[in-house]
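In numbering that gives the first Met the number 0, the protein residues as written are 0 to 433. Beta carbons: idealized from backbone N, C-alpha and C, even for Gly.
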Amino acid sequence: MFHLAWFTNPRAHGWTANGPDRWAGNDINPTIWETGSFLVDMVKSLERMCFDFIMIEDHVVLSNDKQNLEPRLDPLPVITLLAANTQKLGVIGTFSSSFYPPFLLARQIASVDHISRGRAGWNVVTSSEDWAAQAFGNEKQPPHDERYARADEMLDLVKQLWDAWQPDAYEMNGETGRYVDPSKFREFEFNGKWHKSRGPLNVSRSPQGRPVICQAGSSPTGRDFAAKHSDIILCSSFGQNSVKVLKDFRDDIHKRAIAHGRDPKDIRVMFLISPVVADTEEAAQQRYLEIVGMTPQILKQRLGRLTLHTGHDWSKYDLDKPLPEIDPETYTEGFRGITQAIVNLSKGGRTLREALSEQETTSLKLIGTPDQVADKMQAAIEEIGGDGFLMHARPLTRRYLAEILDGLVPILQKRGLVRTEYKHQTLRENLLEF
Ligand SMILES: Cc1cc2nc3c(=O)[nH]c(=O)nc-3n(C[C@H](O)[C@H](O)[C@H](O)COP(=O)(O)O)c2cc1C
Numbered sequence: 000m001f002h003l004a005w006f007t008n009p010r011a012h013g014w015t016a017n018g019p020d021r022w023a024g025n026d027i028n029p030t031i032w033e034t035g036s037f038l039v040d041m042v043k044s045l046e047r048m049c050f051d052f053i054m055i056e057d058h059v060v061l062s063n064d065k066q067n068l069e070p071r072l073d074p075l076p077v078i079t080l081l082a083a084n085t086q087k088l089g090v091i092g093t094f095s096s097s098f099y100p101p102f103l104l105a106r107q108i109a110s111v112d113h114i115s116r117g118r119a120g121w122n123v124v125t126s127s128e129d130w131a132a133q134a135f136g137n138e139k140q141p142p143h144d145e146r147y148a149r150a151d152e153m154l155d156l157v158k159q160l161w162d163a164w165q166p167d168a169y170e171m172n173g174e175t176g177r178y179v180d181p182s183k184f185r186e187f188e189f190n191g192k193w194h195k196s197r198g199p200l201n202v203s204r205s206p207q208g209r210p211v212i213c214q215a216g217s218s219p220t221g222r223d224f225a226a227k228h229s230d231i232i233l234c235s236s237f238g239q240n241s242v243k244v245l246k247d248f249r250d251d252i253h254k255r256a257i258a259h260g261r262d263p264k265d266i267r268v269m270f271l272i273s274p275v276v277a278d279t280e281e282a283a284q285q286r287y288l289e290i291v292g293m294t295p296q297i298l299k300q301r302l303g304r305l306t307l308h309t310g311h312d313w314s315k316y317d318l319d320k321p322l323p324e325i326d327p328e329t330y331t332e333g334f335r336g337i338t339q340a341i342v343n344l345s346k347g348g349r350t351l352r353e354a355l356s357e358q359e360t361t362s363l364k365l366i367g368t369p370d371q372v373a374d375k376m377q378a379a380i381e382e383i384g385g386d387g388f389l390m391h392a393r394p395l396t397r398r399y400l401a402e403i404l405d406g407l408v409p410i411l412q413k414r415g416l417v418r419t420e421y422k423h424q425t426l427r428e429n430l431l432e433f
């Protein structure tokens with residue numbers, strides 16, 4: 000069996016969709032996303048199909064392309080809202096290790112873990128954009144590897160804060176009026192290179208103790224950080240559409256986890272996919288072209304995102320020529336994974352335009368009837384050895400959700416490949432079930 004989850008952003012969904020998916024402009028209420036109600040509908044459907052979790056993406060900046068601004072909601076209230084509207088689905092928010100004081104973030108996530116009865120998680124990102132640093136009063140972001148070193152120290156502190164309360168700290172003695180036994184938490188001083196704090200937290204131990212940690216680093220430093228700290232590690236195949244690349248990624252994570260004294264069985268590696276299904280293979284191919292078809296606006300948007308995530312202006316390259324030699328490790332202090340994806344997609348003399356048009360196809364190309372796509376997912380997981388898929392729609396529309404949740408997932412369920420009922424209450428227990 001394998002795990003299923005969904006990754007999305009708290010933004011105006013479908014705004015830049017192509018053709019028939021495009022609701023923007025004709026939807027009766029195109030700002031409804033701001034209430035979170037679209038995501039509430041969505042998580043109810045994900046829970047109906049027994050997904051492990053939803054993960055809400057975040058960046059703390061607007062795009063730097065003023066013609067393509069994408070306002071969004073803060074993930075913390077969003078995941079709290081989603082938790083309040085579900086019973087079993089995990090709710091993971093993205094929070095940047097660069098901008099939250101560790102004490103504040105530890106207590107926020109522990110609170111959501113309480114509210115959800117053990118279903119909260121934190122997708123740890125380090126943030127590369129200097130604009131984001133300036134929003135918080137700093138001039139620029141630290142270099143790539145230093146950001147991970149700071150995050151590593153932050154995780155040590157956050158874990159100590161979560162661990163400081165014992166599970167049986169509530170005395171609830173009606174006679175003395177004492178609610179908490181003061182011997183059941185640990186006071187401590189943390190004096191790190193970057194972070195200082197005095198524990199314990201003022202939120203008691205939450206149902207999972209340590210809420211689930213999720214991470215999507217792809218550089219060697221990022222993978223090592225993920226293998227040390229994470230329960231869930233997210234992987235896109237850097238544009239290579241190869242099961243072997245995914246298997247190598249998972250094997251590499253396992254090796255790194257062992258080096259950190261961890262049991263790889265405690266880690267779930269999830270591969271990012273955007274399957275396209277239809278009644279016939281031809282119809283699915285047609286639908287794929289509708290979805291990925293590059294309008295000038297989508298092209299501009301992708302160039303804008305690359306510029307934002309890497310700190311380099313990609314519009315300076317000729318779209319109709321192959322990309323010049325780029326080594327992601329030295330090219331950017333921003334996202335190296337996305338740079339690597341473009342470099343890989345440009346191989347064999349392909350133009351930058353071609354690379355950009357393929358960029359969103361995530362880790363594996365899955366196009367066909369629900370049965371054909373289920374075959375490919377099953378074969379991939381058998382070859383890789385585990386653990387599951389993280390669905391991602393670009394664009395996210397009600398139509399796409401129905402195609403996947405009512406078209407593809409029932410086939411996976413009938414084959415016994417994915418869950419048909421939740422056996423546990425907490426996110427971590429559900430992740431570790433198989
Ligand atoms: C599935 C997935 C989801 C991600 N979500 C976010 C996000 O919400 N916010 C963010 O700043 N970065 C996000 N990232 C970027 C990663 O955290 C990471 O910075 C990136 O993969 C580059 O890896 P590196 O930092 O090790 O070079 C995501 C990456 C992947 C593959």
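Member of the options whose CA lies at the smallest distance from the CA of residue i
i: residue 230; options: 216, 168, 266 and 260; result: 266
i: residue 107; options: 248, 161 and 66; result: 161
i: residue 408; options: 294, 226 and 276; result: 276
i: residue 269; options: 232, 76, 294 and 419; result: 232
i: residue 211; options: 281, 105 and 100; result: 105
i: residue 240; options: 264, 271 and 226; result: 271
i: residue 195; options: 259, 100, 245 and 373; result: 100
i: residue 4; options: 184, 333 and 91; result: 91
i: residue 411; options: 393, 395, 356 and 372; result: 372
i: residue 361; options: 350, 348 and 339; result: 339
i: residue 88; options: 97, 52 and 77; result: 52
i: residue 363; options: 317, 273 and 355; result: 273
i: residue 132; options: 8, 98, 395 and 79; result: 98
i: residue 203; options: 399, 159 and 228; result: 159
i: residue 145; options: 221, 314, 181 and 244; result: 221
Distance, residue j Cα to residue i Cα
i: residue 10; j: residue 37; result: 10 Å
i: residue 190; j: residue 201; result: 19 Å
i: residue 209; j: residue 41; result: 26 Å
i: residue 23; j: residue 67; result: Reliability of the predicted coordinates at residue 23 is poor, the pLDDT of 44 falling under 50, and the value obtained from them is presented with this limitation in mind. C-alpha separation (whole angstroms): 14 Å.
i: residue 34; j: residue 213; result: 26 Å
i: residue 377; j: residue 252; result: 21 Å
i: residue 281; j: residue 402; result: 16 Å
i: residue 335; j: residue 142; result: 12 Å
i: residue 387; j: residue 74; result: 24 Å
i: residue 25; j: residue 305; result: With a pLDDT of only 49 at residue 25, under the threshold of 50, the placement of this residue in the model should not be trusted, and no figure is reported.
i: residue 381; j: residue 366; result: 19 Å
i: residue 417; j: residue 55; result: 22 Å
i: residue 227; j: residue 293; result: 39 Å
i: residue 48; j: residue 353; result: 35 Å
Distance cut-off 7 Å: residue i Cβ against heavy atoms of ligand 1
i: residue 52; result: no
i: residue 215; result: yes
i: residue 267; result: no
i: residue 7; result: no
i: residue 307; result: no
i: residue 154; result: no
i: residue 122; result: yes
i: residue 191; result: no
i: residue 12; result: no
i: residue 221; result: yes
i: residue 329; result: no
i: residue 273; result: no
i: residue 58; result: yes
i: residue 363; result: no
i: residue 388; result: no
i: residue 336; result: yes
i: residue 126; result: yes
i: residue 93; result: yes
i: residue 233; result: yes
i: residue 241; result: no
i: residue 229; result: no
Collapsed DSSP secondary structure at residue i in the structure displayed
i: residue 195; result: strand
i: residue 406; result: helix
i: residue 296; result: helix
i: residue 256; result: helix
i: residue 377; result: helix
i: residue 481; result: With the chain covering only 0 through 433, there is no way to say anything about residue 481.
i: residue 4; result: strand
i: residue 86; result: coil
i: residue 78; result: helix
i: residue 366; result: strand
i: residue 387; result: strand
i: residue 36; result: helix
i: residue 303; result: helix
i: residue 210; result: coil
i: residue 48; result: coil
Which runs of the alpha helix (DSSP H), 4 residues or longer, sit entirely within the region 114 to 201? 129 to 134 and 143 to 162
ask   = At which residue ranges does the region 216 to 249 contain complete beta strand (DSSP E) runs of 3 or more residues, listed in the order of the chain?
value = 231 to 234
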